[in-house]
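Asker: The sequence shown begins at 149 in my numbering and counts up by one.
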Amino acid sequence: MKVNDLNDTIAAIATPSGEGGIGIIRISGPDALSTALKIFQPKNRTNKIESHRLYYGEITDPRDLSLVDESLLSFMKSPSSFTMEDVVELNCHGGSIVLQQVMELLLREGLREAEPGEFSKRAFLNGRIDLTQAEAVIDLIRAKTERGLKLANRQLKGGLKEALQEIREGLIQILSVLEAYIDFPEEEIDADSLHEINEKLDRSKNGLMTILNTYEEGKVYREGIHVVIAGRPNVGKSSLLNRLLKEKRAIVTSIPGTTRDMIEEVINIKGIPVNLIDTAGIRETTDVIESEGIKRTKNKLKDADLILYMIDDKGIKSTDKVIVEETGEQKVLIVINKEDQLSTEIKKKAIKEMKSLPHVFISTKQNRGVEQLKDRIYETVMTHGVDSIPTVVISRKRHKIGVEKAIKSIERAQICVKDSLPYELISSDLRDALFNISEVAGETTTEEVMDRIFSEFCIGK
Ligand SMILES: Nc1nc2c(ncn2[C@@H]2O[C@H](COP(=O)(O)OP(=O)(O)O)[C@@H](O)[C@H]2O)c(=O)[nH]1
Ligand SMILES: [Mg+2]
Numbered sequence: 149m150k151v152n153d154l155n156d157t158i159a160a161i162a163t164p165s166g167e168g169g170i171g172i173i174r175i176s177g178p179d180a181l182s183t184a185l186k187i188f189q190p191k192n193r194t195n196k197i198e199s200h201r202l203y204y205g206e207i208t209d210p211r212d213l214s215l216v217d218e219s220l221l222s223f224m225k226s227p228s229s230f231t232m233e234d235v236v237e238l239n240c241h242g243g244s245i246v247l248q249q250v251m252e253l254l255l256r257e258g259l260r261e262a263e264p265g266e267f268s269k270r271a272f273l274n275g276r277i278d279l280t281q282a283e284a285v286i287d288l289i290r291a292k293t294e295r296g297l298k299l300a301n302r303q304l305k306g307g308l309k310e311a312l313q314e315i316r317e318g319l320i321q322i323l324s325v326l327e328a329y330i331d332f333p334e335e336e337i338d339a340d341s342l343h344e345i346n347e348k349l350d351r352s353k354n355g356l357m358t359i360l361n362t363y364e365e366g367k368v369y370r371e372g373i374h375v376v377i378a379g380r381p382n383v384g385k386s387s388l389l390n391r392l393l394k395e396k397r398a399i400v401t402s403i404p405g406t407t408r409d410m411i412e413e414v415i416n417i418k419g420i421p422v423n424l425i426d427t428a429g430i431r432e433t434t435d436v437i438e439s440e441g442i443k444r445t446k447n448k449l450k451d452a453d454l455i456l457y458m459i460d461d462k463g464i465k466s467t468d469k470v471i472v473e474e475t476g477e478q479k480v481l482i483v484i485n486k487e488d489q490l491s492t493e494i495k496k497k498a499i500k501e502m503k504s505l506p507h508v509f510i511s512t513k514q515n516r517g518v519e520q521l522k523d524r525i526y527e528t529v530m531t532h533g534v535d536s537i538p539t540v541v542i543s544r545k546r547h548k549i550g551v552e553k554a555i556k557s558i559e560r561a562q563i564c565v566k567d568s569l570p571y572e573l574i575s576s577d578l579r580d581a582l583f584n585i586s587e588v589a590g591e592t593t594t595e596e597v598m599d600r601i602f603s604e605f606c607i608g609k
């Protein structure tokens with residue numbers, strides 16, 4: 149998106165395509181109202197359209213005055229609008245032809261069709277929101293679970309922005325003290341004050357660390373995790389998928405090798421969007437289709453965030469051991485199924501064989517242990533309890549990199565303090581840290597990064 153001219157007025161259909169009860173066209177910019185009034189006539193003749201009121205009227209083609217649609221017009225006067233510009237919204241009937249016709253009229257009257265995310269970009273450029281809040285708008289639209297929505301809302305309200313701002317103010321304070329000494333070279337900072345500066349730097353650093361540590365989990369809420377159910381044929385993998393989905397999605401039979409293709413579904417486990425993948429059972433086979441399925445299973449295992457490796461009342465076999473060992477670093481949870489027909493003897497043996505491997509007993513047939521399994525899935529990716537999610541969470545690589553850089557800069561400043569290096573050097577590191585933080589907020593973000601962020605948006609947002 150190269151257009152950054154805030155003087156032109158943009159318009160876009162803001163509702164999804166297809167049929168709907170209503171469809172909304174959004175207009176933003178200095179000519180929003182005057183242009184809208186060229187095609188919209190309020191039913192009750194009025195001299196002045198007031199801000200934040202709704203007007204009923206008709207949209208007509210100015211060329212032949214033919215009726216296009218009945219509509220409601222609302223006007224949000226600058227700066228009391230999302231973009232901080234004059235904004236007009238036209239609520240039309242929801243058909244796509246109606247909306248396209250209205251758009252065409254507006255474009256003919258000189259408006260420009262908005263790029264994806266351009267309304268949000270204007271809100272950002274006009275200072276209404278910072279970049280983290282703009283990103284939260286996308287997260288809000290794309291939230292996969294209620295938990296994800298909650299976090300996006302917090303960020304949109306400025307949670308991350310304020311947390312970063314607080315750290316930034318702390319750093320600016322230190323910087324101003326240092327600069328005063330730089331201006332008066334004959335003065336030296338006494339040991340106590342230096343100690344205090346160091347402590348303040350520690351505090352800023354810890355604040356950033358706390359934010360940084362939320363990244364892995366924040367990412368989980370935003371993007372979800374991949375959980376692969378694997379194991380020998382017939383242990384009950386498809387039965388588990390069906391249990392977790394609460395529907396008979398995968399075919400379950402007593403014939404080993406039933407599942408040949410991957411089945412992928414998304415479920416919500418305690419607020420985490422989980423991509424659950426049922427796979428073909430792993431075994432030696434001459435069947436071409438089944439072999440391909442097994443090959444795919446092994447590939448899927450490599451990308452999994454968590455592998456639910458399933459065994460049944462037949463216990464753990466040598467093939468199982470090989471596969472579990474191959475997964476190496478990845479997180480594996482052994483799921484021992486068919487508990488309903490598990491003898492105490494086998495159960496004891498299984499526990500012994502599992503040694504330190506995390507495992508749970510379930511019976512998909514009797515729906516036993518499935519809730520515990522969900523708890524375990526949650527615990528393997530989250531460190532905090534379900535009810536205590538951190539208030540500020542970062543979920544994007546961009547945030548992570550910025551915060552990491554800021555921490556490094558502060559650490560460099562601390563080394564300078566420790567080694568009694570010139571104040572100029574400490575101050576330069578602190579300026580770097582401030583720069584890194586403001587990059588996250590979007591104040592010093594390059595055009596390229598900005599374009600990438602806003603191009604993720606849909607048109608009309
Ligand atoms: N007794 C018992 N049988 C089960 C249980 N779970 C699955 N089965 C049976 O095991 C067989 C294989 O199940 P399926 O889900 O197709 O296994 P998959 O090949 O691993 O996908 C079917 O006959 C299921 O009814 C369980 O908890 N207890
Ligand atoms: Mg199966």
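Here a beta-carbon is modelled for each residue, glycine too, at the ideal position from N, C-alpha and C.
(1) Does the Cβ of Phe-332 have 16 or more other Cβ atoms within 10 Å, making it buried, or fewer, making it exposed?
(2) Please confirm whether any heavy atom of ligand 2 lies closer than 7 Å to the CB of Ser-439.
(3) Candidates Pro-506, Asp-535, Ile-484: which alpha carbon is nearest Lys-513's?
(4) Under 8 Å, do Ala-589 and Leu-319 count as touching if we go by C-beta distance?
(5) With hydrogens ignored, establish whether the beta-carbon of Gln-303 is closer than 7 Å to any heavy atom of ligand 1.
(6) Following the continuous beta strand (DSSP E) through Met-224, name the residue where it begins and the one where it ends.
(7) Between Glu-572 and Ile-337, how many whole angstroms is the CB-CB distance? I'm expecting something under 8 Å.
(8) Return the chain-ordered list of same chain residues with a C-beta closer than 6 Å to the C-beta of Lys-385, the five sequence neighbours on each side being excluded.
(9) Beta carbon of Ser-352, beta carbon of Ile-574: below 8 Å?
(10) Would you say the region 591-599 touches the region 341-361, given that touching needs at least three Cβ pairs under 8 Å?
(11) Counting by C-beta, which residues lie closer than 7 Å to a heavy atom of ligand 2, in chain order?
(12) How is Thr-208 classed by DSSP in three states: helix, strand or coil?
(13) Under a Cβ-count criterion, where at least 16 other Cβ atoms within 10 Å of its own Cβ denotes burial, should Val-540 be classed as buried or exposed?
(14) Cutting at 6 Å between CB atoms, please list the residues of its own chain near Lys-394, excluding the five before and the five after it.
(15) Taking DSSP as the reference, what is the three-state secondary structure of Asn-390?
(16) Run through DSSP, which three-state label would Arg-260 get?
(17) Out of curiosity, what's the CA-to-CA distance linking Arg-193 and Ala-184?
(18) Within the same chain, show all residues whose beta-carbon is closer than 6 Å to that of Ile-277, passing over the 5 residues directly before and after it, in chain order.
(19) Assuming contact is defined by CB atoms lying nearer than 8 Å, are Glu-438 and Arg-397 in contact in what I supplied?
(20) Per the contact definition of three or more C-beta pairs closer than 8 Å, is the region 350-368 in contact with the region 525-544?
(21) Go ahead and pull the three-state DSSP assignment for Asn-515.
(22) Confirm the yes/no value for this check: CB of Asp-610, any heavy atom of ligand 1, distance under 7 Å.
(23) Taking 7 Å as the cut-off, is the beta-carbon of Ser-491 closer than that to any non-hydrogen atom of ligand 1?
(24) For the region 546-555 against the region 294-304, are there 3 or more C-beta pairs whose distance is under 8 Å?
(25) Does the distance between the C-beta of Ser-511 and the nearest non-hydrogen atom of ligand 1 fall short of 7 Å?
(26) Rounded to whole angstroms, what's the CA-CA distance from Thr-358 to Val-400? Just pull it up for me.
(27) On the criterion of 16 or more Cβ atoms from any shown chain inside 10 Å, does Asp-468 qualify as buried, or is it exposed?
(28) Once you ignore the five residues that flank Pro-227 on each side, which residues in its own chain have a CB closer than 6 Å to its CB?
(29) Might you give, ordered along the chain, the residues of its own chain that have their beta carbon closer than 7 Å to the beta carbon of Ile-415, omitting 5 neighbours on each side?
(30) Find the nearest neighbour of Pro-178 within the set Ser-165, Leu-326, Phe-223, Leu-288, judged by alpha-carbon distance.
(31) Would you call the region 170-177 and the region 152-161 touching, i.e. three or more CB-CB distances under 8 Å?
(32) Would you be able to state if there are at least three C-beta pairs under 8 Å between the region 248-266 and the region 517-525?
(33) Among the candidates Arg-579, Ile-411, Ile-607, whose CA atom is the shortest distance from the CA of Ile-322?
(34) In this structure, does DSSP put Cys-564 in helix, strand or coil?
(35) Measure how close the beta-carbons of Val-529 and Val-368 come, nearest whole angstrom, since I'm counting them as under 8 Å.
(36) The alpha helix (DSSP H) that contains Val-534, what's its start and end?
Answerer: A quick look at the data gives this:
(1) Walking along the sequence shown from the start, residue 332 turns up at place 184. The residue in question, Phe-332, is exposed, as its Cβ has fewer than 16 Cβ neighbours within 10 Å.
(2) Counted from its first residue, the sequence shown places residue 439 at position 291. No, the beta carbon of Ser-439 sits no closer than 7 Å to any heavy atom of ligand 2.
(3) In the sequence shown, the residue the question calls residue 513 occupies position 365. For Lys-513, the nearest C-alpha among the options comes from Ile-484.
(4) Taking the first residue of the sequence shown as 1, we reach residue 589 at position 441. Taking the first residue of the sequence shown as 1, we reach residue 319 at position 171. Their beta carbons are not under 8 Å apart, which means Ala-589 does not touch Leu-319 by this criterion.
(5) On the sequence shown, position 155 is the one that residue 303 refers to. Not under cutoff, so the answer is no.
(6) Locating residue 224 in the sequence shown gives position 76, where the first residue counts as 1. Its beta strand (DSSP E) spans residues 215-224.
(7) Numbered from its first residue, the sequence shown carries residue 572 at position 424. Numbered from its first residue, the sequence shown carries residue 337 at position 189. Contact doesn't hold; Cβ gap of about 13 Å is too wide.
(8) For the purposes of this step, residue 385 is identified with residue 237 of the sequence shown, where counting begins at 1. Around Lys-385: Ile-377, Gly-379, Asp-426, Met-458.
(9) Indexing the sequence shown from 1 puts residue 352 at position 204. Indexing the sequence shown from 1 puts residue 574 at position 426. No, the pair does not count as a contact, with Cβ atoms beyond the cut-off.
(10) no
(11) Lys-385, Ser-386, Ala-398, Val-400, Thr-406, Thr-407, Asp-426, Gly-429
(12) Taking the first residue of the sequence shown as 1, we reach residue 208 at position 60. DSSP places Thr-208 in strand when its eight states are reduced to three.
(13) Along the sequence shown, read from residue 1 onward, the residue named residue 540 stands at position 392. So Val-540 counts as buried.
(14) The residue given as residue 394 occupies position 246 in the sequence shown. None.
(15) The count along the sequence shown starts at 1 and reaches residue 390 at position 242. It is helical.
(16) Here residue 260 is taken as the residue at index 112 of the sequence shown, counted from 1. Note: Arg-260 maps to strand in three-state DSSP.
(17) If you number the sequence shown from 1, residue 193 lands on position 45. If you number the sequence shown from 1, residue 184 lands on position 36. Each residue's Cα considered, the two are about 15 Å apart.
(18) Here residue 277 corresponds to residue number 129 of the sequence shown, with the count starting at 1. These residues qualify, in order along the chain: Ala-271.
(19) For the purposes of this step, residue 438 is taken as residue 290 along the sequence shown, with counting starting at 1. For the purposes of this step, residue 397 is taken as residue 249 along the sequence shown, with counting starting at 1. Cβ distance not < 8 Å, so Glu-438 and Arg-397 don't count as in contact.
(20) yes
(21) Translated into the one-based positions of the sequence shown, residue 515 becomes position 367. Note: Asn-515 maps to coil in three-state DSSP.
(22) Because the chain is modelled from 149 through 609, residue 610 falls outside the range shown and cannot be assessed.
(23) The sequence position of residue 491 within the sequence shown is 343, counting from 1. It does not: the Cβ of Ser-491 is nowhere closer than 7 Å to a heavy atom of ligand 1.
(24) no
(25) Translated into the one-based positions of the sequence shown, residue 511 becomes position 363. Result yes, Cβ under 7 Å from ligand 1.
(26) Position 210 of the sequence shown, counted from the first residue, corresponds to residue 358. Position 252 of the sequence shown, counted from the first residue, corresponds to residue 400. Going by the C-alpha atoms only, they are around 46 Å apart.
(27) For the purposes of this step, residue 468 is taken as residue 320 along the sequence shown, with counting starting at 1. The residue in question, Asp-468, is buried, as its Cβ has 16 or more Cβ neighbours within 10 Å.
(28) Locating residue 227 in the sequence shown gives position 79, counting from the first residue. So the list is empty, once near-sequence residues are dropped.
(29) Counted from its first residue, the sequence shown places residue 415 at position 267. Here the set comprises Leu-392, Leu-393, Val-422, Leu-424.
(30) Taking the first residue of the sequence shown as position 1, residue 178 is located at position 30. Closest by alpha carbon: Phe-223.
(31) yes
(32) no
(33) For the purposes of this step, residue 322 is identified with residue 174 of the sequence shown, where counting begins at 1. For Ile-322, the nearest C-alpha among the options comes from Arg-579.
(34) Within the sequence shown, residue 564 is the residue found at index 416, counting from 1. Here Cys-564 sits in helix by DSSP.
(35) For the purposes of this step, residue 529 is taken as residue 381 along the sequence shown, with counting starting at 1. For the purposes of this step, residue 368 is taken as residue 220 along the sequence shown, with counting starting at 1. The pair is a contact, with the Cβ atoms about 5 Å apart (cut-off 8 Å).
(36) Sequence index remark: in the sequence shown, residue 534 carries index 386 (1-based). Per DSSP, Val-534 belongs to no alpha helix (DSSP H) and is neither H nor E.
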